[in-house]
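K.L.:
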Amino acid sequence: MKIKIFTSLLLLAIMALGWSACKKETLDVSEPPVGLGGDSTARNTTDQFIYDSLTVPYNVAVYYKWLPGILDFPFDIVPPKESQVIPALKALLAVAFRPYNAETGSTDFLRRYLPKTFKMAGSAQYESNGTMILGQAEGGTAMLLYQINYISNLAKDSNNIKQMFHTMHHEFGHILNQNVMFPVAFRTISTGYTGNWYNETDKNARRKGFITAYAMSDPAEDFVEMVASMLAGCDGGTYGYDDYETVLATQTDGPGTPGYDQIKAKEAMVVDYFAKIWHIDFYSLQRRCRRAFAAYIQ
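Under the working numbering, the first residue of the sequence shown is numbered 1052, with each subsequent residue one higher.
1. Give me the Cα-Cα distance between Val-1146 and Val-1136, rounded to the nearest whole angstrom.
2. Mind checking which residues open and close the beta strand (DSSP E) that includes Leu-1196?
3. Does the separation of the CB atoms of Thr-1303 and Arg-1341 fall below 8 Å?
4. How would you label Trp-1248, buried or exposed, when you count the other beta carbons within 10 angstroms and need 16 or more for buried?
5. Nearest CA to the CA of Asp-1308: which residue from Ser-1241, Phe-1216 and Phe-1169?
6. Compare the C-alpha of Asp-1273 against each of Phe-1237, Leu-1282 and Met-1232 and name the closest.
7. Hey, how far is the Cα of Ala-1153 from the Cα of Asp-1332?
8. Does Val-1321 pass the burial test, meaning 16 or more other C-beta atoms within 10 Å, or should it be called exposed?
9. Take the Cβ of Ser-1335 as the centre, count every other Cβ of all protein chains shown within 10 Å, and call the residue buried at 16 or more, exposed below.
10. Grab the span of the beta strand (DSSP E) containing Tyr-1201 for me, first residue to last.
11. Have a look at the DSSP bridge pairing and note the partners of Phe-1148.
12. In angstroms with no decimal places, state the Cα-to-Cα distance between Glu-1296 and Arg-1162.
13. Which word fits Gln-1313, buried or exposed, when buried means at least 16 other C-beta atoms lie within 10 angstroms of its C-beta?
14. Kindly indicate the opening and closing residues of the beta strand (DSSP E) around Ala-1112.
15. Could you pull out every unbroken beta strand (DSSP E) segment of at least 3 residues lying fully inside the region 1278-1346, listed in chain order?
16. Which residue comes first and which comes last in the alpha helix (DSSP H) that contains Lys-1394?
17. State the DSSP-derived secondary structure class of Phe-1216, mapped to helix, strand or coil.
Printed below as a string of structure tokens:
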């Protein structure tokens, strides 16, 4: 009997706790909660530049401050120096964005297809196989740009700035492919795709029909490496198509050989893709990129 009484009292106590836990409380909304309008931070010079130059015209947010989880773990990636952010973004606007605007007639094309988030990191992401990642496109919604801290003098350090532009054109090529895939026939032009691409030199890759060694990793990477190499150059020489043509002339066995002819076939397919899908004259875009780069580094 005592056990039954004790059990009943215990049950009543638990029920009372339950009622207490389910009791409705009134939320004080006299001030907006944090995260829902109740928090604000002062906009500094860098933030204002990003807002005026990227957020307003292109609807793009740029993350340069170190936020937990914004980049991949467990890689050791350092944050960008804030002093590097505006110069790097000015360079991208001048040499990568404005040629597209001029070719398409407005900012509408980039506003529609640029990812809505740019993430910036000071260093590269180093992989266990000894390679490093210089940029990534995340499903058309975000673009990661690395090595911002290594662009020491944008006006003079043309090799590093060209690498940044190459990365930008490469990743934007992925974004376009994520909207409309490149032609399936592109995959059949070359054989020899390999996960061990990092064991090849660029010169050997070109003799095998690939514009860079990294292009050997996958047909999708091959396509966007063609886009980036034709717009930004290959080996740090003269910017754009001139460098690309010089590389083909000196690092393949010339017209009529498999390497040269395969790369030229890929070039034709890239040009056709941009014309038919995006209504962009790719050769005209190349010339605009070349002139923009020459003007910027003067």
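Where is the CB? At the ideal position from N, CA and C, for every residue including glycine.
P.N.:
Taking the geometry as given:
1. Locating residue 1146 in the sequence shown gives position 95, counting from the first residue. Locating residue 1136 in the sequence shown gives position 85, counting from the first residue. In a straight line, the C-alpha of Val-1146 is about 16 Å away from that of Val-1136.
2. The residue you call residue 1196 lines up with position 145 of the sequence shown. Per DSSP, Leu-1196 belongs to the beta strand (DSSP E) from 1193-1196.
3. By 1-based counting over the sequence shown, the position of residue 1303 is 252. By 1-based counting over the sequence shown, the position of residue 1341 is 290. No.
4. Locating residue 1248 in the sequence shown gives position 197, counting from the first residue. Buried: at least 16 other Cβ atoms inside 10 Å.
5. Taking the sequence shown and counting its residues from 1, the one referred to as residue 1308 is at position 257. The question names Asp, yet the displayed sequence has Thr at residue 1308. The option with the nearest alpha carbon to Thr-1308 is Ser-1241.
6. On the sequence shown, position 222 is the one that residue 1273 refers to. Checked all of Phe-1237, Leu-1282 and Met-1232; the closest Cα to Asp-1273 is Phe-1237.
7. On the sequence shown, residue 1153 is found 102 positions in, with the first residue counted as 1. On the sequence shown, residue 1332 is found 281 positions in, with the first residue counted as 1. Those two C-alpha atoms are separated by around 11 Å.
8. On the sequence shown, position 270 is the one that residue 1321 refers to. Under this definition Val-1321 is a buried residue.
9. As a first step, residue 1335 is located in the sequence shown; it is residue number 284 there, counting from the start. It counts as exposed.
10. On the sequence shown, residue 1201 is found 150 positions in, with the first residue counted as 1. Note, Tyr-1201: premise wrong, no beta strand (DSSP E); not H, not E.
11. Translated into the one-based positions of the sequence shown, residue 1148 becomes position 97. Per DSSP, none; premise fails for Phe-1148.
12. Indexing the sequence shown from 1 puts residue 1296 at position 245. Indexing the sequence shown from 1 puts residue 1162 at position 111. Between Glu-1296 and Arg-1162, the C-alpha separation is close to 31 Å.
13. In the sequence shown, the residue the question calls residue 1313 occupies position 262. Burial call: buried.
14. The residue you call residue 1112 lines up with position 61 of the sequence shown. The continuous beta strand (DSSP E) containing Ala-1112 extends over residues 1112-1114.
15. Given a length threshold of 3 residues, the region 1278-1346 has no whole run of the beta strand (DSSP E) inside it.
16. The structure shown has nothing for residue 1394, since the chain only spans 1052 to 1349.
17. Indexing the sequence shown from 1 puts residue 1216 at position 165. Residue state for Phe-1216 is assigned as helix, using DSSP reduced to three classes.
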